[in-house]
Amino acid sequence: MFLLFLTIEDDSDRELLTSLYEQYHPLLKYKVYEITHDYMVVEDLIQEAFLKLIPKISLLRSLACYKMVAYLVYTVRNASIDYVRKRNRRAKRAYSGLTDDFADQVPDLLAATEENYIKQERFEELAQALYQLSEKDRTLLFLKYNMEMDDRGIAKRLEIPVQHIRQYVARARSRVLRLLRGDGHEKE
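Following the numbering used here, the residues of the sequence shown are numbered contiguously, the last one being 217.
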């Protein structure tokens, strides 16, 4: 993804998109999967959305923080919906002419609605808990679980001794769990 940002000539524009990517990647990843239900295309669709955002950097700069996040989510959502439509059109063409009844293979969306609602609720609770953490804790958790970096990579990136990374991640994780249980609301 970061190679994509190298095509942006202005350093401040590149920094803005990189920052938005790093900060909101988990949310965007969740949104894409929620729509497509296909882990194989999640990163591709996020990249496609950021490609669409490059010409709109001036618009992004003019938006308030919460509106910028909404704009990011809507861009990713629309890219995901377009992908699903194309996938369905391809599937319809591929199966036309077959006599099998595919109605039995279509998932029951009403049964999954409650489950999706519960997942959405849990995701929102987690997002709120993460925003209550310090920037350091959020960054540690992001690098460890979303970017899937090893302890050495995190240590190098954050300039922290490698032997402390596991403890810092464990503490950040326990803070999130405490916030999710409602035991604490303070930012450290």
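In this text, a Cβ means the ideal position worked out from N, Cα and C, and glycines have one as well. These numbers were taken from a predicted model, which means no experiment stands behind them.
Select from Arg118, Tyr100, Leu46 and Arg195 the residue whose C-alpha is nearest the C-alpha of Asp180.
Answer by Cα proximity: Arg195.
Among residues of its own chain, excluding the 5 on either side of Val205, which ones have a beta-carbon nearer than 6 Å to its beta-carbon?
Excluding positions up to five away in sequence, the list reads Ala158.
Buried or exposed: Glu215, going by 16 or more other Cβ atoms within 10 Å of its Cβ?
Any answer about Glu215 is weak, because its pLDDT of 47 lies below 50 and its placement is not dependable; what the coordinates show is given next. Exposed, because fewer than 16 other Cβ atoms sit within 10 Å of the Cβ of Glu215.
Buried or exposed: which applies to Ser48, given that a residue is buried once 16 or more other Cβ atoms fall within 10 Å of its Cβ?
Ser48 comes out exposed.
Closest to Val198 by CA distance: which of Thr168, Ala99 and Glu154 is it?
Among Thr168, Ala99 and Glu154, the Cα nearest to that of Val198 belongs to Thr168.
One question on the structure: do Leu101 and Leu57 come within less than 8 Å of each other, judged by their Cβ atoms?
Taking 8 Å as the Cβ cut-off, Leu101 and Leu57 qualify as a contacting pair.
Once DSSP output is grouped into helix, strand and coil, what is the label at Glu77?
Here Glu77 sits in helix by DSSP.
Please report how far the alpha carbon of Glu217 lies from the alpha carbon of Tyr95, in whole angstroms.
Caution applies to Glu217, whose pLDDT of 43 falls short of 50 and renders its modelled position unreliable; the value that the coordinates give is listed next. In this structure, the straight-line span from the alpha carbon of Glu217 to that of Tyr95 is close to 23 Å.
Counted within 10 angstroms of its Cβ, other Cβ atoms place Leu170 as buried (16 or more) or exposed
Residue burial is scored here from C-beta neighbours: Leu170 has at least 16 other C-beta atoms within 10 angstroms and is therefore classed as buried.
Measuring straight from C-alpha to C-alpha, what distance separates Val70 and Gln149?
Taking the straight line from one Cα to the other gives about 20 Å.
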